[in-house]
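Visitor: Pasting a structure here, questions to come.
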Amino acid sequence: MGLQHLICYIPHVSSIFLGLLLSFPLSALAQQEMTQPLQGLIGQADRGRALVSNKQKSLCLLCHQGPIPEDRFQGNLAPDLSLIAQRLNAAQLRARIVDASQFNPQTIMPSYYRTEGLTRVLQSFKGQTILTAQEIEDVIAFLETLKP
Ligand code: HEC
């Protein structure tokens, strides 16, 4: 292949690379769903509601608003939880509550169930999450009740 061919070739190659670069984050994001309930647990909406308004543990309403009228002090730093629930399915909610930083590395939202790696043993990993698997599922079950 002569030099002139090579020069013609370069823009094609670079546009393929550019295409790959642009499509990768989009497709990666689309896969960021967690379709399986954590540890196969079934959530309970009433417990989830209590957790969402819990000011010591979950702190959701520190930043979000939620459909919890008796709670008079709610945050306005983040989207309304009832609107979020209408937009996202359980798998999408789960992925975001487990580790919001994978969607926005700069987010102020805590990662409630981030696991550092699969090699970590259950006992030590348990103590390091903000919410337990059951609590995450409870919160999701509550948010699911907010769908119209
Ligand atoms: C310290 C503030 C803070 C707390 C506490 C917090 N969040 Fe968030 N959350 C945010 C912000 C800000 C966003 C907007 C997205 C971003 O920052 O990337 C967000 C986004 C979300 C999203 C994704 C919304 C979307 O449109 O993709 C969900 C779901 C969510 N929060 C649920 C919760 C739940 C449930 C809790 C409690 C267990 C909680 N958040 C606690 C700040 C918070």
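In the working numbering, each number is its position in the sequence shown, counted from 1, plus 330.
Even glycine gets a Cβ: it sits at the ideal position worked out from N, Cα and C.
Quick caveat: nothing in here was measured; it's all calculated off a predicted structure.
(1) In whole angstroms, give me the CA-to-CA distance for Ile398 and Ala380.
(2) Rounded to the nearest angstrom, how far is the Cβ of Ala463 from that of Gln374, given a contact under 8 angstroms?
(3) Does DSSP put Ser441 in a helix, a strand or coil?
(4) For Leu359, does the count of other Cβ atoms within 10 angstroms reach 16, so buried, or fall short, so exposed?
(5) Return the chain-ordered list of same chain residues with a C-beta closer than 8 angstroms to the C-beta of Asp468, the five sequence neighbours on each side being excluded.
(6) Once the 5 residues before and after Thr365 are set aside, which same chain residues still bring their CB inside 6 angstroms of it?
(7) Could you pull out every residue in the same chain whose Cβ sits closer than 7 angstroms to the Cβ of Pro440, ignoring the five residues on either side in sequence?
(8) Can you tell me which of the three DSSP states Ile460 falls into?
(9) Pop quiz: Gly405 and Leu391 are said to be a contact at Cβ under 8 angstroms. What is the actual Cβ separation, rounded to whole angstroms?
(10) Pull up the CB-CB distance for Ser383 and Asp410, whole angstroms please, since I reckon it's below 8 angstroms.
(11) If you draw a straight line from the C-alpha of Pro478 to the C-alpha of Ile414, how long is it?
(12) Among the residues of its own chain, which have a CB less than 7 angstroms from the CB of Ala471, if the five just before and after it don't count?
Guide: The relevant details are as follows:
(1) 9 angstroms
(2) Between Gln374 and Ala463 the Cβ distance is about 13 angstroms, and since that is not below 8 angstroms, they are no contact.
(3) coil
(4) The predicted model places Leu359 with a pLDDT of 47, which falls under 50 and marks its position as unreliable, so this point remains unresolved.
(5) Gly373, Gln374, Ala375, Arg377, Gly378 and Leu381
(6) Ala421
(7) Excluding positions up to five away in sequence, the list reads Ile460.
(8) coil
(9) 6 angstroms
(10) The Cβ separation is near 14 angstroms, so there is no contact.
(11) 12 angstroms
(12) Gly373, Gln374, Ala375 and Gly378
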